[in-house]
Structures are given as C-alpha cells and as structure tokens.
Amino acid sequence: MPKEFQLVAFQLGEETYGVDISQVEEIIRLQPITKVPGAPDFVEGVINLRGRVIPVIDLRKRFHLPPREETKNTRIVVVEVPPNTVGMIVDAVDEVLRISEEKIEAPSLIISSIDTEYIKGVGKLENKLLILLDLAKVLTKEEKGALQTMKEEMEKREEGEVEN
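Letter by letter, the sequence shown follows residues 1006 to 1169 in this note's numbering.
What follows is the structure in structure tokens.
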C-alpha cells in the first residue's frame, strides 16, 4: 500500500502549497508583529505567542513574489524549522489533506514561480497542483542561526522589561 502524507495546504497568490502536518505547530490569525532592526528583509519581526518569542517570515518576500494586502484570511502558520519555531505569513490556509506518495512527483522547473530549491515535490490533486515545501531549505543555515540569535535577544529584552 502506498505511503500517505498528511499536509496543511495554504495559498500564496495563485498557487497552493503544502507542508507536512507534523512540522506545523499551529495556525493563528495575523497579529501585531514587533519589527527587529537589522533583520533580513523577508523577516517581518517577532510575535509573542503565549510567552514564547516566535520569529515571523513573510513567505511572499522570501520567494520574491509580489506583495499583497493583508486580508481577513491572512494567517501565520507556526512551523518547526529546527532548531527554530518560525511563523510564516501566508495568504490563506485551505485545509488539511492526505495525498499518497504515488501522486507526488519531483519538482519541475516550470511548475512554480518560486525557486525549485525550496520545493520537495509536486502533488497532483483532482483539480490542482500542490507545491510541497521543503521547510529545511526555506532558510539557510546562516539565516536559521540569525533567527535564533534574534529570538534570544528579544527574549532577553522582554526579561529585562519584566525585571525593571
């Protein structure tokens, strides 16, 4: 029997993307984001999620897609990108779905407007294609380190505010 994957599907522009549900911690509404000076341009800043500092990246900026106004459907998908927990701003979250391994193909150069290095594969659904993101490659090792440092600095700042 072919292996099945459970994915969280979300929208960025006209395309539907998917990430393995095991990497998704939660999905939240867009909330105020604290800007962090000196962060890479695709890093919007950090949010305080129940006492945890979570760096937030804008996937549109990361993938060099045109900017779009936030809507009532805009969400932050909180994911595990070891060693970090990161929030990804997406246009909308569609659904949780199952897809069998046999319906997943290797990424093609013409399938998406984003760089194929970020793509694990392409899932063929009944009426659309689902671009499977490789979260381990969405951020470089250096960027992961920078996010971790930024998070730690913001946590120290918040602790300092509490102590004063």
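The beta carbon of each residue, even a glycine, is placed where N, CA and C say it ideally should be.
Relative to the C-alpha of residue i, which residue among the options is closest?
{"i": "Pro1088", "options": "Thr1145, Glu1164, Val1024, Ile1081", "result": "Thr1145"}
{"i": "Leu1137", "options": "Asp1096, Gly1126, Glu1157, Arg1065", "result": "Gly1126"}
{"i": "Ile1059", "options": "Leu1070, Glu1031, Thr1076", "result": "Glu1031"}
{"i": "Asn1132", "options": "Tyr1123, Pro1112, Lys1108, Ala1151", "result": "Lys1108"}
{"i": "Gly1092", "options": "Glu1164, Phe1010, Arg1057", "result": "Arg1057"}
{"i": "Gln1028", "options": "Asp1139, Asn1053, Glu1158", "result": "Asp1139"}
{"i": "Ala1014", "options": "Arg1080, Ala1141, Met1155, Gly1165", "result": "Arg1080"}
{"i": "Ser1113", "options": "Leu1134, Pro1037, Lys1008, Val1095", "result": "Leu1134"}
{"i": "Val1082", "options": "His1069, Gly1165, Ile1062, Met1155", "result": "Ile1062"}
{"i": "Leu1017", "options": "Ala1141, Arg1073, Glu1147, Asn1053", "result": "Arg1073"}
{"i": "Lys1066", "options": "Ile1094, Asn1053, Ala1141", "result": "Ile1094"}
May I have the straight-line CA-CA distance separating residue i from residue j, to the nearest angstrom?
{"i": "Asp1025", "j": "Glu1160", "result": "28 Å"}
{"i": "Glu1019", "j": "Ile1104", "result": "20 Å"}
{"i": "Asn1169", "j": "Lys1040", "result": "Reliability of the predicted coordinates at Asn1169 is poor, the pLDDT of 42 falling under 50, and the value obtained from them is presented with this limitation in mind. Approximately 22 Å, taken between the alpha carbons."}
{"i": "Val1143", "j": "Val1086", "result": "9 Å"}
{"i": "Val1167", "j": "Thr1090", "result": "Only weak support exists for where Val1167 lies, its pLDDT of 49 falling under 50; the coordinates are left without a value."}
{"i": "Ala1151", "j": "Gly1043", "result": "10 Å"}
{"i": "Glu1163", "j": "Arg1055", "result": "13 Å"}
{"i": "Lys1129", "j": "Gly1023", "result": "12 Å"}
{"i": "Ala1106", "j": "Lys1149", "result": "Residue 1106 is actually Glu in this sequence, not Ala. Cα to Cα, Glu1106 sits roughly 29 Å from Lys1149."}
{"i": "Pro1007", "j": "Glu1110", "result": "14 Å"}
{"i": "Gln1153", "j": "Glu1009", "result": "33 Å"}
{"i": "Val1123", "j": "Glu1075", "result": "One point to set straight first is that residue 1123 is Tyr, not Val, in the sequence displayed. Cα to Cα, the separation comes out at about 24 Å."}
{"i": "Arg1034", "j": "Asn1078", "result": "8 Å"}
{"i": "Gln1011", "j": "Met1155", "result": "31 Å"}
{"i": "Thr1121", "j": "Phe1068", "result": "10 Å"}
{"i": "Glu1158", "j": "Gly1165", "result": "10 Å"}
Taking the beta strand (DSSP E) that residue i belongs to, which residues open and close that run?
{"i": "Arg1034", "result": "1029-1034"}
{"i": "Glu1019", "result": "Where Glu1019 is concerned, there is no enclosing beta strand (DSSP E), given that its DSSP letter is neither H nor E."}
key: Any beta strand (DSSP E) of 3 or more consecutive residues that is wholly inside the stretch 1097-1165   = 1097-1105, 1124-1129, 1134-1138
message = Could you check whether the stretch 1047-1060 touches the stretch 1095-1104, counting it as contact only if at least three pairs of C-beta atoms, one from each stretch, sit closer than 8 Å?
response = no
request  = Counting only runs of 3+ residues fully inside the stretch 1054-1101, write out the beta strand (DSSP E) ranges in chain order.
outcome  = 1057-1063, 1080-1086, 1089-1095
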